[in-house]
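Participant: What follows is a single structure, and I will ask about it in a moment.
Residue numbers (our numbering), protein chains in the order written: chain A, 10 to 120; chain B, 313 to 425.
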């Protein structure tokens with residue numbers, strides 16, 4: 010079944026802890042993205058990657074890090090420097106057609 | 313960032329009526345527009361798209377209208393059903409923008425049975 014998979018669905022982080030959110034796609038898309046969504050708000054771009062081994066900061070990259078070692082995978086690490094990490098995180102990918110396909114999201118909560 | 317905004321944050325319609333959701337954008341270089349539907353706790357799903365060389369595009373029960381003169385986009389849903397209740401986002405992108413999608417706040421559509 011083709012698509013984009015995020016895991017875990019729910020994640021809890023203690024203060025000062027780093028956590029990593031997984032995003033995998035089997036759509037053979039070159040571009041992958043991470044967005045953050047807060048309640049009642051739209052999607053804000055954290056990081057994006059147009060090709061393997063390359064990525065760029067989005068609008069709210071501070072406190073986050075990413076890697077793109079494989080075409081299929083684009084993990085996002087929420088570091089302890091991110092002071093307000095509680096949010097819904099969405100990963101997306103797109104190909105030549107520029108239409109983005111989204112995963113089902115990871116809800117991160119600080120405890 | 314880009315300014316892709318929606319005129320109304322909430323919209324309530326009677327089941328069976330038509331719904332119209334509006335969106336404004338500010339970048340005249342935008343050449344590709346997408347409407348997404350997001351149900352609670354889920355990722356956005358593609359509904360319909362339109363390129364800037366078109367004014368109108370129809371899908372199943374949905375129509376997107378693009379007015380480039382006033383930088384306005386709308387989504388029309390015919391015969392709205394309870395399953396249409398969700399948040400709807402418009403997004404725009406342009407060739408010079410590294411293919412980033414810029415999203416508006418969204419409109420929450422509630423269908424009243």
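Even glycine gets a Cβ: it sits at the ideal position worked out from N, Cα and C. A quick note: this is a predicted structure, and the numbers were derived from the prediction, not measured.
If we ignore side chains and look at the alpha-carbon of each, how far apart do residue 336 of chain B and residue 71 of chain A end up?
Facilitator: Against the second chain, residue 336 of chain B aligns to sequence position 24. Against the first chain, residue 71 of chain A aligns to sequence position 62. Cα to Cα, the separation comes out at about 28 Å.
Participant: Would you kindly report the start and end of the unbroken beta strand (DSSP E) that includes residue 349 of chain B?
Facilitator: In the second chain, counting from the first residue as 1, residue 349 of chain B sits at position 37. Looking at the DSSP string, the run of the beta strand (DSSP E) that includes residue 349 of chain B is 344 to 350.
Participant: Report the neighbours of residue 346 of chain B on chain A: residues whose CB is nearer than 8 Å to its CB, in chain order.
Facilitator: Indexing the second chain from 1 puts residue 346 of chain B at position 34. The answer, in chain order, is 108 and 109.
Participant: Kindly indicate which residue of A:94, A:32 and A:19 has the alpha-carbon position closest to the one of residue 73 of chain A.
Facilitator: Here residue 73 of chain A corresponds to residue number 64 of the first chain, with the count starting at 1. Cα-wise, what sits closest to residue 73 of chain A is A:94.
Participant: Less than 8 Å between the C-beta atoms of residue 107 of chain A and residue 405 of chain B, yes or no?
Facilitator: Counting from 1 along the first chain, the entry for residue 107 of chain A is found at position 98. Counting from 1 along the second chain, the entry for residue 405 of chain B is found at position 93. Going by C-beta atoms, residue 107 of chain A is nearer than 8 Å to residue 405 of chain B.
Participant: Taking Cβ positions, are residue 50 of chain A and residue 30 of chain A nearer each other than 8 Å?
Facilitator: For this step, residue 50 of chain A is matched to residue 41 along the first chain. For this step, residue 30 of chain A is matched to residue 21 along the first chain. Contact: no.
Participant: Secondary structure at residue 396 of chain B, three-state DSSP: helix, strand or coil?
Facilitator: The residue given as residue 396 of chain B occupies position 84 in the second chain. Looking at residue 396 of chain B - three-state DSSP - the assignment turns out to be helix.
Participant: So which residues of chain B does residue 99 of chain A contact, with C-beta pairs closer than 8 Å?
Facilitator: Counting from one through the first chain, the residue named residue 99 of chain A turns up at place 90. Within 8 Å Cβ-Cβ: 355 and 356.
Participant: Establish whether the CB of residue 417 of chain B and some CB of chain A are separated by less than 8 Å.
Facilitator: Indexing the second chain from 1 puts residue 417 of chain B at position 105. Closer than 8 Å to some Cβ of chain A, the Cβ of residue 417 of chain B qualifies, so yes.
Participant: Taking Cβ-Cβ distances below 7 Å as the criterion, which residues of the region 39 to 52 of chain A are in contact with chain B?
Facilitator: Under the 7 Å Cβ criterion, the region 39 to 52 of chain A contributes 40, 50, 51 and 52.
Participant: Assuming residue 5 of chain A and residue 97 of chain A make a contact with CB atoms under 8 Å, what is their CB distance in whole Å?
Facilitator: The structure shown does not extend to residue 5 of chain A, since chain A is modelled only from 10 through 120, so no value can be given for it.
Participant: Enumerate, from N- to C-terminal direction, the unbroken beta strand (DSSP E) stretches of 3 or more residues contained entirely within the region 50 to 100 of chain A.
Facilitator: Listed in chain order, the complete beta strand (DSSP E) runs (minimum 3 residues) inside the region 50 to 100 of chain A are 52 to 60, 63 to 66, 73 to 75 and 85 to 87.
Participant: Please report the straight-line C-alpha distance between residue 387 of chain B and residue 34 of chain A, rounded to a whole angstrom.
Facilitator: Within the second chain, residue 387 of chain B is the residue found at index 75, counting from 1. Within the first chain, residue 34 of chain A is the residue found at index 25, counting from 1. Using only the alpha carbons, I get a separation of about 29 Å.
Participant: Quick one: does residue 72 of chain A have its CB under 8 Å from some CB of chain B?
Facilitator: Counted from its first residue, the first chain places residue 72 of chain A at position 63. Answer no: the Cβ-Cβ gap between residue 72 of chain A and chain B never drops below 8 Å.
Participant: In the structure shown, what three-state DSSP assignment does residue 341 of chain B receive?
Facilitator: Counting from one through the second chain, the residue named residue 341 of chain B turns up at place 29. Coil.
Participant: Tell me the residue span of the beta strand (DSSP E) that contains residue 361 of chain B.
Facilitator: Residue mapping note: residue 361 of chain B aligns to position 49 of the second chain, counting from 1. Taken as a continuous stretch (DSSP letters only), the beta strand (DSSP E) holding residue 361 of chain B covers 357 to 363.
Participant: Hey, residue 364 of chain B and residue 338 of chain B: beta-carbon distance below 8 Å or not?
Facilitator: To locate residue 364 of chain B, count along the second chain from 1; it is residue 52. To locate residue 338 of chain B, count along the second chain from 1; it is residue 26. Contact: no.
Participant: Against residue 405 of chain B, what residues of chain A qualify as contacts under a CB-to-CB distance less than 8 Å, listed in chain order?
Facilitator: To locate residue 405 of chain B, count along the second chain from 1; it is residue 93. 107, listed in chain order.
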